[in-house]
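Just below is one structure, and these are the notes that go with it.
Chains as they are written, first to last, in our numbering: chain A, 1 to 826; chain B, 827 to 890.
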């Protein structure tokens, strides 16, 4: 018989052994293990889950479990009563809340645990659990909850404790203290689009009569009144909807540049003045429908291009990695906000907690994982008195440290004082559209002046008319739409594939890249999932299961990785008298087997003869059972699949480099892959990496940096295109232009080819729109451009260009296999 | 044809109504999260709580 289990890592485990068959937890769906907690005939994996279940049942919220399978979130541990008290500190509180008037407070939390419809339901009915909590609203894509509560009756810390006790612990990071930027921009764009659309539709209705020749002969009065209505409707369009174009055109004229906004603004002015003149003087019906249509289409393009992926943050700095609070040891242990840390404070750091400021170790032993800061893959052991840099993560037991510097003065923080972090994001005026616009605008002006001069000589009445007609017809609506729609489509295709861009414009920069710099650890080599080999006398099934059970009790990264790899079809058994010695190993009894796992030195110190493992690239875990040495697991830092092929492919077209914070031990291996031309640099500090990129740029290179972790943050920011590689889309990533699922690293060549194809599509779209401009110009210079021709030509040209851009880009994406293997987005 | 003098203002009033509704919707933030409301539509109000003699609360009150 087969039973399906979900392990905490939600990896499905199949087991055929009926002896260990257990139920899934009623709350979170995790397998309960051999001894489930049974309450009211229901099985639970832990006390926390059972409490939540009871709480919900008491308050009539049981339908939570009917809404979705595995609705509940596993309760890792009940929050301690005083854990969130620091949130009530006025300094912290005031900067976290959105609004407060003393009696009533509104606050927004990010809660990563929100994952299904049941979460939405439960969190929006929070006031059932605490009547002092008012309305709560979820923003599912952003995983945010905005809630209000009566702050005179309930404290902020109580609200957070309530959320945490349900398994929805809010993410509280240092960055949350900064003011949250409101997304006013997108609201304004929607309003502009709506008003342009409104005017477009209504002026069309007024103009239609005249196009069909229904009124002109019979009722000149209608003619006039429709004209005035159209003029009135177009005023908000010109004043409000076109606002951004006026501003952009003005800015670029002052910089003596001819960006695409200049001919657009000129076109709008020409249409508006010409039409107003015609209405006022009663000589025609004007082009107001074309004017509103033009802006409507242009704004559609901007809305399309402005697609952002809100659940991803592209501009994180160290503050997003640092917690909001730490435990300070004074007379008693208290949780304080990070900003309250002073030099000389004694802090307690538990397993997995980040060192917030440079500090000296007081009581250890500490095992610090610096992989995030330096890229060094193996954690380092520290003894009391050693200096610890901020950004490292303690693994294992709790340690006590004394801060030596303040948070803002520490090693990691100083990276952010670099020039690269101060410079504004290049607002790319040097994009394809503007490049084309430079030539285009000059040409159009020349033609307009030429036509005007010609008619001034032969028929002065037509001179002004042909001049404005040229400006109107050459108004590069279709041209301005080519890039937004091509890039927007490409942006969406890439996102389907879990390659997210900060903005669609990044694609153009990707296409210009000529140098690619890779980070090693976590980028080219997988942080986990590498090859694990056992060397020594073979282990039996039960022995392996015992080892697996042991690994479940350790948080050491090597043990976690080993556990993950050998999990196979094992179910963890109870481990008795477990003991872990930081930096050495762990011991315990499983099923009456005495097990020691750890470093060679540690086993040797217990009098065992340890075979030297062949660890040319990787780490080893040595195993002894019943005091008998059995062999060791060798965990290799495996290259991601297809890395060889990727590097070989790229080296034909790009200059390649590898920067690693790791030591030289893998140089030979990478020289083989990168060949003679690749630059390989080891022992690189974050600042070295940044400098290396800057040097390349000074040599005129356009650099793409592919990295992960904070140690690459400087390089990612400095490079022209910074690509952050993440194993898990909801995990943290440093500031970057593109967030790439680790699975896609071997496909970077396809992404670069696709970017180049997209740029080719834009260029082809320019040709299509130019063809329409030529037709229009031929009509315009002859003074033949009537409102009805304009009203047809403009939308038709726009729609052709948009259709062409979207279809061609989609076709290119299919050709590169992008989006073929869809992944369910997180 | 004179009916048109009635129809034009009416059509403009109707259209303006829709425009105002749109502006309200945008200001209300309805274009910022288009994923959660469809979920919300499927959800029911929670059932009324089953009131048990609330032992926990009594206990808490007796604590100093």
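Think of the CB as a built atom: it goes at the ideal place given N, C-alpha and C, for glycine as much as any other residue.
| Query | Result |
| --- | --- |
| Residue 239(A) versus residue 200(A): straight-line alpha-carbon distance, rounded | 15 Å |
| Complete alpha helix (DSSP H) runs within the stretch 115–178 of chain A (minimum length 4 residues, chain order) | 117–124, 156–165 |
| Start and end residues, alpha helix (DSSP H) containing residue 609(A) | Looking at the DSSP string, residue 609(A) is not in any alpha helix (DSSP H), and its letter there is neither H nor E. |
| Alpha-carbon to alpha-carbon, residue 719(A) and residue 96(A) | 33 Å |
| Residue 611(A) classed as buried or exposed, judged by whether at least 16 other C-beta atoms fall within 10 angstroms | exposed |
| Beta-carbon gap between residue 390(A) and residue 410(A) smaller than 8 Å | yes |
| 7 Å Cβ shell around residue 441(A) - same chain, five flanking residues per side excluded | 258, 262, 263 |
| DSSP state of residue 535(A) mapped onto helix, strand, coil | strand |
| Proximal residues to residue 677(A) (C-beta, below 6 Å), its chain only, five neighbours per side dropped | none |
| As assigned by DSSP and simplified to three states, the class of residue 521(A) | strand |
| Residue-chain proximity (residue 444(A), chain B), Cβ-Cβ < 8 Å | no |
| Inter-stretch contact (C-beta, 8 Å, three-pair minimum) for the stretch 502–510 of chain A and the stretch 735–749 of chain A | yes |
| Cβ distance (whole Å) where residue 478(A) is taken to contact residue 797(A) below 8 Å | 4 Å |
| 8 Å Cβ cutoff, residue 835(B) in contact with chain A | no |
| Backbone CA spacing between residue 304(A) and residue 252(A) [nearest angstrom] | 23 Å |
| Neighbourhood of residue 488(A) by C-beta distance below 7 Å, restricted to the same chain and skipping five residues each side | 304, 305, 307, 504 |
| Proximity test, Cβ basis, 8 Å: residue 141(A) and chain B | yes |
| Beta-carbon proximity of residue 324(A) to residue 359(A), cut-off 8 Å | no |
| Below-8 Å beta-carbon distance, residue 809(A) vs any chain B residue | no |
| C-alpha gap between residue 539(A) and residue 631(A), whole angstroms | 9 Å |
| Residue 123(A) CB to nearest heavy atom of the ligand FMN below 7 Å | Because no ligand of any kind appears in the structure shown, any question about the ligand FMN cannot be addressed here. |
| Bridge partners - residue 581(A), DSSP secondary structure assignment | 585(A) |
| C-beta contact flag for residue 474(A) and residue 517(A) at 8 Å | no |
| Range of the contiguous beta strand (DSSP E) that encloses residue 596(A) | 593–598 |
| Which residues DSSP lists as bridging residue 631(A), in chain order | 536(A), 623(A) |
| Cβ neighbour criterion (16 or more within 10 Å) applied to residue 579(A) | exposed |
| C-beta neighbour in chain B for residue 286(A), strict 8 Å | no |
| Residue 861(B): contacting residues in chain A (beta-carbon distance under 7 Å) | 140, 141 |
| C-alpha distance - residue 809(A) paired with residue 758(A), whole-angstrom precision | 6 Å |
| Terminal residues of the alpha helix (DSSP H) in which residue 278(A) lies | 261–281 |
| Extent of the continuous beta strand (DSSP E) to which residue 39(A) belongs | 37–39 |
| Other residues of its chain near residue 766(A): CB distance less than 7 Å, five sequence neighbours each side excluded | 436, 479, 482 |
| Contact list for residue 852(B) against chain A, beta-carbon separation under 8 Å | 187, 190, 191, 194 |
| Beta-ladder partner(s) of residue 403(A), from DSSP | 359(A) |
| Inter-residue Cα distance where the pair is residue 72(A) and residue 115(A) | 9 Å |
| Residues near residue 119(A) in its chain [Cβ-Cβ closer than 6 Å; skip 5 each side] | none |
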